[in-house]
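Chain order of the listed sequences is V and X. Quick note on numbering: numbering that gives the first Met the number 0 labels position 87 of the first sequence as 86, and the sequence is numbered without any gaps. Quick note on numbering: numbering that gives the first Met the number 0 labels position 49 of the second sequence as 48, and the sequence is numbered without any gaps. The beta-carbon is built from N, C-alpha and C at its ideal position, and this holds for glycine as well. Comments concern the structure below.
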Amino acid sequence: MSIVRMVKGLIQILRAMGVTLKHLFTRPVTEQYPEEAVAVYPRFRARHDLRCDENGLERCVACGLCAAVCPSGAIFVEAGENDPDAPVSAGERYAKRYEINMTRCIFCGYCQDVCPTGAVELGHEFALADYGRDELLYSKERLLTPASPHVTVKQD
Amino acid sequence: MDWIDTLLIPIIKALIVIIGLLVAFAYMTLLERKLSGRFAQRLGPNRAGPFGLLQPISDAFKAIFKEEVIPSEVSKWIYVVCPGVAVAAAIIGFAVVPLGEPITLFGRTITLSMGDINLGLLFPIAVAGFGLYGIILGGWSSNNNFSMLGALRSSAQVLAYELPMGLALVSLAVVVGSLRMGDVVAAQAKVPLILLQPVGFLIYFISGMAEINRSPFDLPETENELVAGFATEYGGIKFAIYFMAEYINMIVMSFLVATLFLGGWHGPFDQFSPLIQIAWIVVKTLAVLFTFVWIRATLPRVRYDKWMKFGWKTMIPLALANLVVTAIVVVLLA
């Protein structure tokens with residue numbers, strides 16, 4: 000190895016060290032998750048929400064399209080006739096049982112896309128870890144309750 | 000020379016050195032992780048206490064409670080003792096580093112190094128060879144091909160780079176005129192030796208990095224090459240002790256570079272108090288440690304055959320040339 004090559008090599012190493020040193024003085028890009036809220040896009044797909052309309056009636060009419068389109072077969076819908084005096088939903092039928100198996104859901108959003116009434120929507124709650132498989136079979140009541148995710152929605 | 004001079008003071012000094020080095024090792028691991036993170040635009044550990052200051056304690060806690068598996072076919076006694084040998088050699092290497100001028104306490108003059116022997120410059124090289132046994136025997140006693148290969152690689156590497164290191168130190172001795180550490184530091188009262196021996200400094204620094212198996216020369220112990228190299232069969236505390244040996248080697252090497260080339264404990268305002276002298280050498284050591292971490296964060300690992308070739312065919316001729324030029328200049332100027 001000639002002296003020239005050695006000097007050139009040394010200079011290149013010093014230049015590389017300059018690059019690293021420059022990075023030392025930049026702000027770290029780490030997001031401190033539990034303390035800081037995670038920034039997500041508006042269409043970020045996480046836990047499902049079953050929504051109601053302006054009159055307070057549930058939107059879901061138990062058509063079963065979401066269960067049919069779900070690639071993992073995670074949704075189970077059982078329909079019931081709406082009592083005319085005390086309707087639960089705005090149509091003929093309502094969802095007597097509506098369960099989503101969170102251990103099978105892949106959060107693809109097809110159920111949200113196919114729903115004719117806009118009942119199922121995927122919200123931003125992603126902290127879904129739980130202690131048992133039974134707790135991870137979400138019932139209708141749980142899905143009706145809105146979640147308060149620790150996120151900030153990016154405005155783009 | 001009564002029993003206090005020969006027994007009590009050395010024991011107290013030894014205890015201070017050992018405890019100091021162990022605490023320094025613990026926080027060196029944290030410093031390295033935080034600095035490596037910052038070089039990569041991320042935060043280092045910051046969960047285990049403010050700024051991660053309790054992280055070394057949590058690491059030690061984890062290592063203690065890990066399951067210690069001793070494989071059945073190992074040579075038991077050697078296997079168990081080897082990490083201790085490696086750490087002992089690392090700590091012993093610190094014995095010749097002078098931290099300041101001799102101080103007077105309770106009417107006795109106490110030198111601020113464990114032993115300012117006549118052959119101070121030879122001592123680190125000898126101890127490095129001794130520490131190598133810890134690695135070779137550890138790799139051999141593990142009864143594992145990869146451990147043995149890692150140990151052999153490490154020994155070949157240390158051997159190859161001890162020669163340029165020794166030659167750089169010889170050039171230093173030619174300039175200073177003595178092998179004693181105290182004389183080397185005294186010779187730097189006006190100007191640090193890095194200015195008189197820039198090539199020698201580079202050679203010593205690079206060989207030092209190779210000696211302590213430090214990136215970019217850390218193939219003997221990389222995670223993705225030979226599993227963990229010579230430490231494959233070690234777990235829990237024993238692995239932590241090997242780790243400790245490497246970091247303490249790094250700290251001692253930084254102290255040596257600071258002492259030999261950067262001026263030791265000299266610095267502005269150092270005539271006022273030995274504490275300022277100690278502060279100066281600590282500052283210089285920290286600068287060298289920062290540079291070690293900086294280099295690790297920058298450079299990729301060197302391929303084994305390339306760095307062997309570099310050591311034997313480039314470093315040794317360079318060190319010899321440095322020695323010849325230094326000797327000629329010293330004779331001409333005398």
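Item                                                                                                                                                                      : Value
For chain X, is any of its Cβ atoms less than 8 Å away from the one on Ala15/V?                                                                                           : yes
Quick one: what does DSSP say Ala126/V is sitting in, helix, strand or coil?                                                                                              : coil
Specify the secondary structure class of Asp52/V as computed by DSSP and reduced to three states.                                                                         : coil
Could you tell me which residues DSSP pairs with Thr103/X in its beta bridges?                                                                                            : Thr108/X
When the cut-off is 8 Å and only beta carbons count, does Leu127/V lie next to chain X?                                                                                   : no
So the beta strand (DSSP E) Ile99/V belongs to, where does it begin and stop?                                                                                             : Arg92 to Asn100
Output, in chain order, the set of chain V residues within a Cβ distance shorter than 8 Å of Leu319/X.                                                                    : Residues of chain V passing the Cβ test: none, with the nearest at roughly 14 Å.
Between Gly264/X and Val174/X, which are expected to be in contact by the criterion C-beta below 8 Å, what is the C-beta distance as a whole number of angstroms?         : In the sequence as displayed, the identity of residue 264/X is Trp instead of Gly. About 19 Å separates the two Cβ atoms, so there is no contact after all.
Between which two residues does the alpha helix (DSSP H) containing Val79/X stretch?                                                                                      : Lys75 to Ile91
How would you call Ile294/X, buried or exposed, if buried means at least 16 neighbouring beta carbons within 10 angstroms?                                                : buried
Please classify Trp279/X as buried or exposed, where buried requires at least 16 other C-beta atoms within 10 Å of its C-beta.                                            : buried
Within the continuous beta strand (DSSP E) that includes Ile74/V, where are the two ends?                                                                                 : Ile74 to Glu80
So for Glu120/V, helix, strand or coil by DSSP?                                                                                                                           : strand
Are the beta-carbon atoms of Tyr246/X and Tyr233/X separated by less than 8 Å?                                                                                            : no
Using beta-carbon positions only, say whether Pro148/V and Gly108/V come within less than 8 Å of one another.                                                             : no
Considering Ala159/X, what are the terminal residues of the beta strand (DSSP E) in which it resides?                                                                     : Premise fails: Ala159/X lies in the alpha helix (DSSP H), Asn144 to Val175, not in any beta strand (DSSP E).
With a 10 Å radius around its C-beta and 16 neighbouring C-beta atoms as the bar for buried, classify Ser1/V as buried or exposed.                                        : exposed
Please name the residue in Thr290/X, Leu136/X and Met249/X whose C-alpha comes closest to that of Cys81/X.                                                                : Leu136/X
Would you identify the three-state DSSP class for Leu121/X, choosing helix, strand or coil?                                                                               : coil
Does the distance from the C-beta atom of Val198/X to that of Asn142/X stay below 8 Å?                                                                                    : no
Tell me which residues share the same chain as Glu66/X and place their Cβ nearer than 8 Å to its Cβ, disregarding the 5 neighbours each side in the sequence.             : Gly234 and Gly235
Have a look at Ile102/X and Thr108/X and give me their C-alpha separation to the nearest angstrom.                                                                        : 6 Å
Evaluate Ala36/V with the Cβ neighbour count: other Cβ atoms within 10 Å of its Cβ, from every protein chain shown; 16 or more gives buried, anything less gives exposed. : exposed
Going along the segment 28-41 of chain X in order, which residues come within less than 9 Å of chain V, judged by CB to CB distance?                                      : Leu34, Gly36, Arg37, Phe38, Ala39, Gln40 and Arg41
Mind checking who Glu57/V pairs with in its DSSP beta bridge?                                                                                                             : Cys51/V and Ser88/V
State buried or exposed for Ile11/X, treating a residue as buried only when at least 16 other CB atoms are found within 10 Å of its CB.                                   : exposed
Checking contacts by CB at 8 Å: is Trp293/X closer than that to chain V?                                                                                                  : yes
Cα separation between Thr258/X and Met27/X?                                                                                                                               : 19 Å
Taking Cβ-Cβ distances shorter than 7 Å, what residues in chain X pair up with Thr19/V?                                                                                   : Phe38, Trp293, Ala296 and Thr297
Answer yes or no: the CB of Gly235/X versus the heavy atoms of the ligand SAH, is any distance below 7 Å?                                                                 : The ligand SAH is absent from the structure shown, which contains no ligands of any kind.
Let's see if you can read the secondary structure: which residues bound the alpha helix (DSSP H) around Ala286/X?                                                         : Pro273 to Thr297
Tell me which residue opens and which closes the beta strand (DSSP E) that Ala173/V is part of.                                                                           : No statement about residue 173/V is possible, as the shown extent of chain V runs from 0 to 155 and does not include it.
Assign Tyr40/V to one of two classes, buried (16 or more other C-beta atoms within 10 Å of its C-beta) or exposed (fewer than that).                                      : exposed
In chain X, which residues lie less than 7 Å from His149/V when you measure between Cβ atoms?                                                                             : Here the premise fails: no neighbours, minimum Cβ distance about 18 Å.
For a test of the three-state rule: what should DSSP assign to Val246/X, helix, strand or coil?                                                                           : Checking the sequence shown, residue 246/X turns out to be Tyr, not Val. DSSP places Tyr246/X in helix when its eight states are reduced to three.
Go ahead and pull the three-state DSSP assignment for Tyr32/V.                                                                                                            : coil
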